[in-house]
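For reference, the structure discussed in these notes is given below.
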Amino acid sequence: MRTIAVINQKGGCGKTTTVINLAACLARKNKKVLVVDMDPQAHATLGLGLGLGGYENTVYDLLLDAGRKDLGAGDVIIEISRGLDLIPSDVMLSAAEPALLGRDHREYLLADVLKSVEKGYDLCIIDCPPNIGVLTFNALFACSEAIIPMETGLFAIHGLAKLMETIEIVNAKRSFAITVNALLTMFDRRTRIAYESLHEIQKHLGGQVFTTVVNFNVRLKEAVSHGSPVIDYAPDSIGARDYLDLAAEVVRMKVRKSVAARDAEGQEKGVLFSFYAPHAEQVCVVADFNDWQPGMTPLEHVDGSGVWQRFIPLKKGAYEYKFLVDGTWVTDSTNPKVAKSEFGENSLIEID
Ligand SMILES: Nc1ncnc2c1ncn2[C@@H]1O[C@H](COP(=O)(O)OP(=O)(O)OP(=O)(O)O)[C@@H](O)[C@H]1O
Ligand SMILES: [Mg+2]
């Protein structure tokens, strides 16, 4: 199961609209999809046609029960339509932050819940609230991919640095980085500011932006208040076309396994990447195994030593990489093996 968190702490940028319509379009493409509503506002629940209170259990009950297993995810999942299921939310979820205070591993509860259902679905799409708290962290620890919906305009990239920082915190605790892609929403092709924002976002995210943009389309607004995805409410609308295009792009994307590679004895295989840079602010490994995405796989500074390192589980194979040290690309001076590339040389490592 691919798990995608739709995340942005900025309010009203199109997260819920994206969750509902991407999920419905994926289901239309014969994928089995689970939507998880992690927002106490419960807009995804409402937008998928459920009236508030029309269901007994919510994601809140699952999170609180995680570890005790009195309640199974099956007791909470609601079938919305063919191929599309929902774990609903309601306002009680706003009590999660205080209720989970002091609970061990409280950021991994959703990941635990989803493990029990992953065999039944191709994709899981998580709607996040417009803030960074325990609910958003649960979504990030449960996902392998993130979509950041962004409105175009003067303040488009405001808050993006903070969001990327949050994702880095999560990445530093995992074996693989979350694949991040921004999605332009409420795009108005008639305005210059829309294209200027697009370029600015592309510059900031090094190209991690969906080719599909979602145009401003009033049918999307109407569909939500009607409690149905736009492909059902207005199948010929621009909104329906855009979200079908997005679903196709999501399906085409290369999926990176977030599972650590293990050999026959259960020993973890991989490489301990390390780099000596006592004065650096940030050191990352950028490689073919992380799609050459700058900043997505940071090394950790070993206190007081000047050494930066990180163990990365990797399967058998040959990998090319470089270090990115405060924005400068360098090869690994401790590794004599190199491979020629269009930009000069990369360090080369082989695992057998
Ligand atoms: N492409 C679009 N065209 C027109 N209206 C849109 C579009 N996308 C979203 N909207 C509308 O903008 C408003 C905010 O969208 P949405 O609820 O999806 O944002 P959100 O990020 O989930 O908000 P919150 O942060 O409150 O959860 C809604 O009224 C929605 O119908
Ligand atoms: Mg929302």
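Okay, so the sequence shown: first residue is 347 according to our numbering, each after it adds one. Beta carbons: idealized from backbone N, C-alpha and C, even for Gly.
Considering Cα atoms alone, identify which of the options is closest to residue i.
i, options, result
"residue 521", "353, 365 and 660", "660"
"residue 369", "392, 354 and 471", "471"
"residue 388", "366, 459 and 561", "366"
"residue 557", "466, 420, 544 and 566", "544"
"residue 626", "599, 662 and 676", "676"
"residue 490", "662, 509 and 524", "524"
"residue 644", "623, 381 and 518", "518"
"residue 533", "562, 539, 554 and 348", "562"
"residue 428", "565, 373 and 390", "373"
"residue 574", "618, 499 and 430", "430"
"residue 583", "697, 565, 688 and 572", "565"
"residue 690", "672, 671 and 667", "667"
"residue 553", "686, 379, 639 and 466", "639"
"residue 419", "391, 426, 360 and 382", "382"
Return the chain-ordered list of same chain residues with a C-beta closer than 7 angstroms to the C-beta of residue i, the five sequence neighbours on each side being excluded.
i, result
"residue 503", "546, 547 and 550"
"residue 506", "550"
"residue 493", "350, 352, 364, 527 and 529"
"residue 682", "none"
"residue 356", "476 and 505"
"residue 635", "660 and 665"
"residue 425", "431"
"residue 393", "362, 366, 570 and 573"
Please work out which residues of its chain come closer than 6 angstroms, Cβ to Cβ, to residue i, disregarding the five sequence neighbours upstream and downstream, and give them in chain order.
i, result
"residue 569", "576 and 579"
"residue 456", "484 and 488"
"residue 621", "629, 654 and 669"
"residue 478", "355 and 512"
For a test of the three-state rule: what should DSSP assign to residue i, helix, strand or coil?
i, result
"residue 556", "coil"
"residue 361", "helix"
"residue 422", "coil"
"residue 444", "helix"
"residue 690", "strand"
"residue 663", "strand"
"residue 700", "There is no way to answer for residue 700, as the model of the chain reaches only from 347 to 698."
"residue 355", "coil"
"residue 630", "strand"
"residue 508", "helix"
"residue 473", "strand"
Using the beta-carbon count (16 or more within 10 Å), is residue i buried or exposed?
i, result
"residue 400", "exposed"
"residue 674", "exposed"
"residue 453", "buried"
"residue 541", "exposed"
"residue 513", "buried"
"residue 435", "buried"
"residue 358", "exposed"
"residue 698", "exposed"
"residue 663", "exposed"
"residue 405", "buried"
"residue 397", "exposed"
Could you confirm whether any beta carbon from chain C is found closer than 9 angstroms to the beta carbon of residue i?
i, result
"residue 620", "This model lacks chain C altogether, as it is built from one protein chain only."
Who are the near neighbours of residue i in its chain, counting only those whose CB is closer than 8 angstroms to its CB and skipping five residues on each side?
i, result
"residue 595", "556, 557 and 558"
"residue 585", "367, 560, 561, 563, 565, 566, 569 and 576"
"residue 591", "558"
Quiz item: So which residues put a beta carbon under 5 angstroms from any heavy atom of ligand 2, going in chain order?
Solution: This criterion selects 361, 362 and 389.
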